[in-house]
Ligand code: AMP
C-alpha cells in the first residue's frame, strides 16, 4: 500500500488527474473538497458549518478536515467499499468465489489535502498511529494566469459556488499562497516532493503522472 499526495493550486487539475489515476491504478481517491461538498449537499450539521466558509473561498478548519480523513482511512483499512463501483467489483469477486476478506488495502491518492502545514503534521500523526507513512508528494505546477483561466472554464460547467465570482477566486488563490504554499517547502525538506509541469493538456499531464505512479507503485 502506498500513500501519495497530489498537490497543486486551485485550478491545477488535482481533481481531474486524481480521478484518472484512481481509475487506472485502482487507488482510493480521497478528495477533502469532494467530501466537504457532499456534506453541504446532504445538509448535515457539518455541511451547514462549512457551507459559508467554502462559498467565501476560505479554508475549513484543520480539525474538521482531519476528522473526515481519519474516518476515510479507517474505512479503507477495514476494507469497506469506497463507492458503488467498488461494491459492484466486490460482489463480482464473491460470485467468482474469491476470498474478498483477503483483498489488498488500496493505495491512497490525497487530493486537496494537506492544505496547511498543520494538516501535514496532523497527517503524520494519524499515519503513525496506524503504522502508515507518506510515500510521495507530487506537485502539479501551473502558472497563475493559467490557473485563473481554468477556474473560469470550470465555472461554466461545474456549478461550484466558489468558482463563480472573481473576488472569491482571487481569495482562494491568496489562501493558497499564504497557507498552502508553505506545505511545499515542508515536503521539500522531507525529501518526498516531486514536481511536474501541469501547464499543458490534461492528457500530457496525465502521461507524466502515470509514469511517475508506475514507478512509485512498482514495489508495492
Ligand atoms: P477543492 O475542491 O479542493 O478546491 O476544495 C474546495 C473548498 O473546500 C476549499 O476552497 C476549502 O474551502 C475547502 N477545503 C477542501 N479541502 C480542504 C482542506 N484540506 N483544508 C481546508 N479546507 C479545505
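In my numbering, the protein residues as written are 47 to 266.
For every residue, glycine included, the Cβ atom is placed at its ideal position computed from N, Cα and C.
Just so we're clear, the structure is a prediction, and the values are computed from it rather than from any experiment.
Just mark residue i as buried or exposed, buried being the case when its beta carbon has 16 or more other beta carbons within 10 Å.
i, result
"residue 156", "buried"
"residue 85", "buried"
"residue 60", "buried"
"residue 209", "buried"
"residue 150", "exposed"
"residue 77", "buried"
"residue 161", "buried"
"residue 204", "exposed"
"residue 144", "exposed"
"residue 117", "exposed"
"residue 185", "buried"
"residue 90", "exposed"
"residue 153", "buried"
According to DSSP, which residues form a beta bridge with residue i?
i, result
"residue 210", "Answer is none; residue 210 lacks a bridge partner."
"residue 156", "51 and 76"
"residue 186", "242"
What is the residue span of the alpha helix (DSSP H) that residue i lies within?
i, result
"residue 234", "227-236"
"residue 168", "163-175"
"residue 108", "108-123"
"residue 58", "Residue 58 -> no alpha helix (DSSP H), and no H or E assigned at all."
"residue 179", "Run containing residue 179: none; DSSP gives neither H nor E here."
"residue 101", "91-102"
"residue 105", "Unbroken run through residue 105: none, as it is neither H nor E."
Would you check if the segment 216-235 and the segment 50-58 touch, i.e. whether three or more CB-CB distances between them fall below 8 Å?
-> yes
Any contact of the segment 102-117 with the segment 154-168, i.e. 3+ C-beta pairs under 8 Å?
-> yes
Do the segment 67-74 and the segment 244-259 make contact, defined as three or more Cβ pairs closer than 8 Å?
-> yes
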